[in-house]
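Working notes for the structure below.
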Amino acid sequence: MEKGFIRWNWKCALSSDEKVLLVDNLSTGSFDIYEIPSQTLLRSFQPASTRRYVKQCAFLESARTAVCGSTNNEVQVMDVTNGECLQLLKTATKDDMMQVVAVSTAHANRHLIAGGSGSTPTVYLWEKLKESEQNNIVASQAVPVE
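Next comes the structure, spelled out in structure tokens:
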């Protein structure tokens, strides 16, 4: 980010209130959270994966939670306020690179997380109920893509 311009690409996520930006930092391998418009680095968290490939990330639950892809078979669910890993969503295949993630909130009490892998053309789906109803995210069956 230079001279007040933000360069958008598919490896970052903007919070719904447009105050915070989550970025996959290829130079460090971490996911960084920046305050907008000051461009101040608020927090970084290091994913478990060590290979530096582009990974998607997304905000969930009004930007209190971050969902981050990885180069191993995990999607990481992170607490944005303290950087703590809340949960690792694992796939069945150890070598899956979970580079693509997407989230959606349905009826304000269900959150859906999708992860995609190119190594085995599969889309994985997870569901998280409202915080008061459930703490952990439940995995569903993998859906092969043909």
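All residue numbers for the sequence shown refer to this note's numbering, where the first residue is -8 and numbers rise by one. Cβ atoms here follow ideal geometry from the backbone N, Cα and C, with glycine treated the same way. Treat the numbers as computed from the prediction; the structure is a model and nothing was measured.
Looking at the secondary structure, which residues open and close the beta strand (DSSP E) in which residue i lies?
| i | result |
| --- | --- |
| residue 105 | 101 to 108 |
| residue 53 | Taken as a continuous stretch (DSSP letters only), residue 53 belongs to no beta strand (DSSP E), as it is neither H nor E. |
| residue 69 | 65 to 70 |
| residue 83 | Residue 83 -> no beta strand (DSSP E), and no H or E assigned at all. |
| residue 25 | 22 to 26 |
| residue 34 | 31 to 36 |
| residue 19 | It is not in any beta strand (DSSP E) - residue 19 carries neither H nor E in the DSSP assignment. |
| residue 11 | 11 to 15 |
| residue 96 | 91 to 97 |
Is the beta carbon of residue i less than 7 Å from the beta carbon of residue j?
| i | j | result |
| --- | --- | --- |
| residue 50 | residue 4 | yes |
| residue 84 | residue 62 | no |
| residue 72 | residue 115 | no |
Figure out for me which residue from the options has the closest Cα to the Cα of residue i.
| i | options | result |
| --- | --- | --- |
| residue 87 | 64, 80, 59 and 104 | 64 |
| residue 20 | 97, 38, 98 and 54 | 38 |
| residue 9 | 16, 24, 66 and 15 | 24 |
| residue 13 | 43, 109 and 55 | 55 |
| residue 52 | 96, 109, 113 and 106 | 96 |
| residue 80 | 115, 70, 29 and 66 | 66 |
| residue 98 | 119, 71, 42 and 111 | 119 |
| residue 46 | 33, 34 and 106 | 106 |
| residue 48 | 2, 31, 34 and 6 | 2 |
| residue 30 | 16, 11, 43 and 113 | 11 |
| residue 15 | 43, 33 and 27 | 43 |
| residue 17 | 60, 26 and 27 | 60 |
Contact between the region 88 to 102 and the region 70 to 79 (3+ Cβ pairs under 8 Å)
Contact fails: fewer than three Cβ-Cβ distances are below 8 Å.
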